[in-house]
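Enquirer: Here it is, the structure in full.
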Amino acid sequence: MPPTIDDVFRMNEVTARREVVAARGIKVTFGAVKALDGADLVIHAGECVGLVGHNGAGKSTIVNVINGGLTPHAGEITHAGKGGQHGISAARASGIRCVFQELSLCPNLTVTENARIMHAELAGWNWRTKARALVERKLQDIFPGHRIDCDSTVDDLSIAERQMVEIAISFAGLHEKPKLVILDEPTSSLDAGLAAQLMAYIRRFVGEGGSVLLISHILGEILSTSDRIVVMKDGRVVADRAAPEFSSRSLVEAMGNVVREQEWLRSPGKRGGAPVLSTPPRRGHGLAFEAHRGEMVGLAGLGGHGQTETLLDLYLSRNGNWWPAREKEISFVAGDRGLNGTFPLWSILKNLSIASLRNLSSNSIVDRGREASLGNGWKKRIEIRTPDMENHILSLSGGNQQKVLFARALATTARIVLMDDPMRGVDVGTKQEVYEILRAEAAGGRTFIWYSTEMDEIRLCDRVYVFREGAIVAELVGDEITEQNVLEASFAGGEAA
Amino acid sequence: MKISSGTIRLLIPAASLILLLAAVFYMQPRAMSYTGLNLLFNLAVPIALATVAQMLIMAVNDLDLSMGTFVSFCACVTATFLQSSPAVGVLIFLSAIAAYAAIGVVIHLRELPSIVVTLGMSFVWGGLAVLMLPSPGGEAPGWARWLMTSRPPFVPMAIVASVVIALATHFLIMRSSAGVLIRGVGGNVRSVERAGWSVIRIRAGTYALAGFFAVLSGIALVGLTTSADANIALRYTLLSIAGVILGGGEFVGGKVSPIGAVIGALTLTLAGSFLSFMRISPDWQIGAQGAILIVVLALRLFLNRLEKREKSR
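As you go down the protein sequences, you meet chains A and B in turn.
In terms of our numbering, the first sequence is residues 1 to 497.
In terms of our numbering, the second sequence is residues 1001 to 1313.
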């Protein structure tokens, strides 16, 4: 019996909805932090899926699971309906390519040589000619009128050109085209014209049957380019609907958290007098930064949009880069404990007292007695859970190590404390204790400048600056500090940057 | 015309070599002959080979502190086993290269600092060399002797060998598709990993290749000196590192240049002769050699900074 029209129609339907990759019930934990808590993401052939979410929602983690770089602790990944294999090679074999947010080209190689790294099939005698033709064709295809010399070293290219090259290399294919290209913030360093060219190309690529997973903080791009939008929050997918059903506003609402609304007692009227710390607007646009005595100023926005750089600038504005100032006015609480926080071979006490050794010593000799009494005082005050301050710093839990770092900063005479997202991976109980101490210290006249990726902490602040693309785009005071407002400011509206 | 950063990288070592050569010729015009050039650059051939080996290791962001003792070990094998029973000699060399590959694997797997591992290995190679040749002696195989002392027409052997080494390694490291992977590991390991390559294999292969060039260096050295000694090439560790840096290479980032490395080795060899011609007492020569190195490196730093300023404008 010949197939009826109905059958043909259904078959087309089936091919049109062919799965390229499906991640179901994915769970990933890093220590105590649940990065993904049963997330589902299915991408079909011929569609562009937009993925949005605030810091720590799990966007990067699920991307890493899909491209094979991360093995989930629970859940399954299937490529084109077939499961079983997992890993970077398996993902690449099923046509998945990824353009990462941070540059992932080799800066010491030329553009063609980078293409060779990404495409193993570029080998043999005239691989250079083949690689150059491949990249040049794709660059011309995506960014017509570009002026990139494929024989120049990536080091010699501008940031935008590097991003263009990386995108072109990922979309190119010698024998077969990629099936799914994941773009993580692809337009972060492209200007509006180039971004528009890229979005137009994505539509063409999708029209020819390819799929794209697009992550961007520019909601206009997501809304105009995607067929379907997936919103993530706290390691789960909270909304998954066709793009036309969303607007900028409803997207922000979906990302936010309306239920939990805690009230904090903010101390009003702190803005009198001259600011203790101020900087002009960064990169010549946006708002200026200033902080007053006894104030708790929050730096919010998506991660990596200039908050840490601002903290470093503030620190260096009061402290020489070459020669440290004698009297420290500012102390710094580092975010990455392992990288630039603790001295892993030292005791708890030594880790605590390192910043105030000048005050503890007479004639350049450290007074052991005063050091010990300082340690015991802080041990009681912030409840460092250890029988002996002489114990190894690594014998403490992560949260208690972080408390020691706080104590290190608070034990100094500095009146200003900068904090670079210090609560990462700290349990809730410890957080509450630290919040209490910070409040008390602020009431005592200390100024805190706090970069945090967590909304709860941002809401503790008296005043919040929201960052986007390296500049301050909004200032929220008192009751204006809500998740809704912070989200709205950190995601650009309709216009491309 | 725009000059690429790679060309600039090569320009300084080439210019310093020419400058040094001009100074030597000015002071000792008789060096400007077939025999004179051969004598000046003769010892540069094994140094150039060792420098290329070191460059390979540095291309993957590591450093080999056992280069000198390993070349000494290879020289001892050449003067004893390779001469008396070639099959055993070749077998020893093959296992030495395999050992180098294994060192690469260990460094990668255990994430050990290469400096520590190779420093440890330097005692192993040194000990093996002493076991083989407790006192200076041995004899060079006839073919190695013939190769190193042959007199091709017009151009002395030292120059021919240097050019061949430079071109062959340039093709291998800078032009071939495998060389791209080696330098890619130095430039950005994660990107190579994400592209689905096995970095451990690339590293093992790079170390093995470095071992191969170091073996060649040992053979070339014995071909010149006719006998060996367990301490014959101890200077090579620092000479090879200095040669790579002098030739425009960098400690990290996979930025290397094989032609530059060979030129660097030639420059270092010439610097020794130049100082002798200047009648500087040997006591001061090492210091003077260091001064030459500092001047060249300062010049390069200055040009790099100039280039960066140009770019930011």
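Idealized CB from N, CA, C, for every residue including glycine.
Okay, do the region 1211-1226 of chain B and the region 1044-1055 of chain B touch, 3+ Cβ pairs below 8 Å being the bar?
Expert: yes
Enquirer: For the region 32-46 of chain A against the region 201-221 of chain A, are there 3 or more C-beta pairs whose distance is under 8 Å?
Expert: yes
Enquirer: How many angstroms separate the CA atom of Glu433/A from the CA atom of Ile382/A?
Expert: Translated into positions along the first sequence, residue 433/A becomes position 433. Translated into positions along the first sequence, residue 382/A becomes position 382. Spanning the two alpha carbons is a distance of roughly 7 Å.
Enquirer: For the alpha helix (DSSP H) that contains Gly1104/B, what are its first and last residues?
Expert: In the second sequence, the residue the question calls residue 1104/B occupies position 104. Unbroken alpha helix (DSSP H) run through Gly1104/B: Pro1086 to Leu1109.
Enquirer: Beta-carbon within less than 7 Å of Ser226/A's beta-carbon, same chain only, minus the 5 sequence neighbours each way: which residues are those?
Expert: Indexing the first sequence from 1 puts residue 226/A at position 226. Contacts found: Cys48, Val49, Gly50, Leu214 and Ala243.
Enquirer: Within 10 angstroms of its Cβ, does Arg17/A collect 16 or more other Cβ (buried), or is it exposed?
Expert: Within the first sequence, the letter at position 17 stands for residue 17/A. Label assigned to Arg17/A: exposed.
Enquirer: Would you mind sorting Gln515/A into buried or exposed? The rule is 16 or more other CB atoms within 10 Å of its CB.
Expert: Because residue 515/A is not part of the residues shown, which for chain A are 1 to 497, the question remains open.
Enquirer: Among Tyr465/A, Phe30/A and Ala23/A, whose alpha-carbon lies nearest the alpha-carbon of Gly38/A?
Expert: Position 38 of the first sequence, counted from the first residue, corresponds to residue 38/A. When only C-alpha atoms are compared, the closest one is Ala23/A.
Enquirer: Starting from the C-beta of Leu299/A, find all residues in its chain whose C-beta is less than 6 Å away, skip the five residues before and the five after it, and write them out in chain order.
Expert: Here the question's residue 299/A lines up with position 299 in the first sequence. Here the set comprises Gln307, Tyr451 and Tyr465.
Enquirer: Output needed in chain order: residues of the region 348-366 of chain A with a Cβ under 9 Å from some Cβ in chain B.
Expert: none
Enquirer: Given a cut-off of 8 Å on the beta-carbon distance, is the pair Ser94/A and His79/A in contact?
Expert: Residue 94/A sits at position 94 when you count from the first residue of the first sequence. Residue 79/A sits at position 79 when you count from the first residue of the first sequence. For Ser94/A and His79/A, yes; Cβs fall inside 8 Å.
Enquirer: Going by the DSSP bridge assignment, what does Ile365/A pair with across the sheet?
Expert: Residue numbering aside, residue 365/A sits at position 365 when the first sequence is read from its first letter. BP columns for Ile365/A point to Ser362/A.
Enquirer: With three or more C-beta pairs closer than 8 Å as the rule, is the region 1003-1022 of chain B touching the region 1177-1192 of chain B?
Expert: no
Enquirer: Whole angstroms are fine: how far does the CA of Gly145/A sit from the CA of Ala168/A?
Expert: Start at 1 with the first residue of the first sequence, and residue 168/A comes out as number 168. Start at 1 with the first residue of the first sequence, and residue 145/A comes out as number 145. Straight across, the Cα-Cα distance linking Ala168/A with Gly145/A is about 14 Å.
Enquirer: So with Cβ pairs under 8 Å, would you call Trp322/A a contact of chain B?
Expert: As a working mapping, residue 322/A is identified with position 322 in the first sequence. False, the Cβ-Cβ gap to chain B never drops below 8 Å.
Enquirer: May I ask you to list, following chain order, the residues of the region 1169-1180 of chain B that have a beta carbon less than 7 Å from some beta carbon of chain A?
Expert: Ser1177 and Val1180
Enquirer: With Glu161/A and Val99/A assumed to form a contact (beta carbons below 8 Å), what rounded beta-carbon distance in angstroms separates them?
Expert: The count along the first sequence starts at 1 and reaches residue 161/A at position 161. The count along the first sequence starts at 1 and reaches residue 99/A at position 99. Here Glu161/A is actually not in contact with Val99/A; their C-beta atoms are around 14 Å apart, not less than 8 Å.
Enquirer: If you follow the beta strand (DSSP E) that Gly503/A is in, where does it begin and where does it stop?
Expert: Because chain A here runs from 1 to 497, residue 503/A falls outside it and cannot be looked at.
Enquirer: Could you list the residues in the region 1178-1199 of chain B with a C-beta less than 8 Å from some C-beta on chain D, going in chain order?
Expert: Among the protein chains in the structure shown, which are A and B, there is no chain D.
Enquirer: With respect to the beta strand (DSSP E) encompassing Thr279/A, which residues constitute its N-terminal and C-terminal limits?
Expert: Mapped onto the first sequence, residue 279/A falls at position 279. Residue range Leu277 to Thr279 is occupied by the beta strand (DSSP E) that includes Thr279/A.
Enquirer: Once DSSP output is grouped into helix, strand and coil, what is the label at Gly1287/B?
Expert: Within the second sequence, numbered from 1, the residue matching residue 1287/B stands at position 287. In the structure shown, Gly1287/B sits in a helix (DSSP, three-state: H, G or I).
Enquirer: Under 8 Å, do Ser188/A and Gln85/A count as touching if we go by C-beta distance?
Expert: Here residue 188/A refers to the residue found at position 188 of the first sequence. Here residue 85/A refers to the residue found at position 85 of the first sequence. No.
Enquirer: Could you tell me the alpha carbon to alpha carbon distance between Met118/A and Ser1177/B, rounded to whole angstroms?
Expert: Within the first sequence, residue 118/A is the residue found at index 118, counting from 1. Within the second sequence, residue 1177/B is the residue found at index 177, counting from 1. Distance from the CA of Met118/A to the CA of Ser1177/B, rounded to the nearest whole angstrom, comes to 12 Å.
Enquirer: Could you give the first and the last residue of the continuous alpha helix (DSSP H) run that contains Ile26/A?
Expert: Taking the first residue of the first sequence as 1, we reach residue 26/A at position 26. Note, Ile26/A: premise wrong, no alpha helix (DSSP H); beta strand (DSSP E) at Glu19 to Phe30.
Enquirer: Applying a beta-carbon distance threshold of less than 8 Å, which residues of chain A neighbour Gly1254/B?
Expert: Numbered from its first residue, the second sequence carries residue 1254/B at position 254. Those are Cys106, Asn108 and Leu109, listed as they occur along chain A.
Enquirer: Return yes when the Cβ of Lys233/A is within less than 8 Å of the Cβ of Met199/A, no when it is not.
Expert: Along the first sequence, one-based indexing puts residue 199/A at 199. Along the first sequence, one-based indexing puts residue 233/A at 233. For Met199/A and Lys233/A, no; Cβs fall outside 8 Å.
Enquirer: Go to Thr447/A, then tell me how far its beta strand (DSSP E) extends in each direction, as first and last residue.
Expert: As a position in the first sequence, residue 447/A is number 447, starting the count at 1. Per DSSP, Thr447/A belongs to the beta strand (DSSP E) from Thr447 to Tyr451.
Enquirer: Residues of chain B with CB under 8 Å from Gly69/A, in chain order?
Expert: Taking the first residue of the first sequence as position 1, residue 69/A is located at position 69. Ordered by position in chain B, the residues that pass the 8 Å Cβ test against Gly69/A are Arg1194.
Enquirer: So the candidates are Asn1231/B, Ala1210/B and Thr1080/B; which of them puts its Cα closest to the Cα of Ala1144/B?
Expert: Within the second sequence, residue 1144/B is the residue found at index 144, counting from 1. The shortest Cα separation from Ala1144/B among Asn1231/B, Ala1210/B and Thr1080/B belongs to Thr1080/B.
Enquirer: Do Leu41/A and Val237/A have their beta-carbon atoms positioned less than 8 Å apart in this structure?
Expert: Position 237 of the first sequence, counted from the first residue, corresponds to residue 237/A. Position 41 of the first sequence, counted from the first residue, corresponds to residue 41/A. In this structure, Leu41/A lies closer than 8 Å to Val237/A by Cβ.
Enquirer: Between Met118/A and chain B, is there a C-beta pair that is closer than 8 Å?
Expert: Along the first sequence, read from residue 1 onward, the residue named residue 118/A stands at position 118. Taking 8 Å as the CB threshold, Met118/A lines the interface with chain B.
Enquirer: So, under 8 Å CB-CB, Glu290/A and Ser278/A are touching, yes? Tell me the CB distance rounded to an integer number of Å.
Expert: As a working note, residue 290/A is residue 290 in the first sequence. As a working note, residue 278/A is residue 278 in the first sequence. Yes, they are in contact, since the Cβ atoms of Glu290/A and Ser278/A sit about 4 Å apart, within 8 Å.
Enquirer: When you compare the CB positions of Gly69/A and Ile88/A, do they come within less than 8 Å of one another, or not?
Expert: Taking the first sequence and counting its residues from 1, one reaches residue 69/A at position 69. Taking the first sequence and counting its residues from 1, one reaches residue 88/A at position 88. In contact: Gly69/A and Ile88/A (Cβ atoms closer than 8 Å).
Enquirer: Measure the CB-CB distance between Val1060/B and Ile1182/B and report whether it falls below 8 Å.
Expert: Taking the first residue of the second sequence as position 1, residue 1060/B is located at position 60. Taking the first residue of the second sequence as position 1, residue 1182/B is located at position 182. Yes, these two residues count as a Cβ contact at 8 Å.
Enquirer: Residues of chain B with CB under 9 Å from Arg162/A, in chain order?
Expert: Here the question's residue 162/A lines up with position 162 in the first sequence. Within chain B, no residue comes near Arg162/A; the closest Cβ sits about 12 Å away, beyond 9 Å.
Enquirer: In angstroms, rounded to a whole number, what distance separates the CA positions of Thr342/A and Lys379/A?
Expert: Translated into positions along the first sequence, residue 342/A becomes position 342. Translated into positions along the first sequence, residue 379/A becomes position 379. Going from the Cα of Thr342/A to the Cα of Lys379/A covers about 17 Å.
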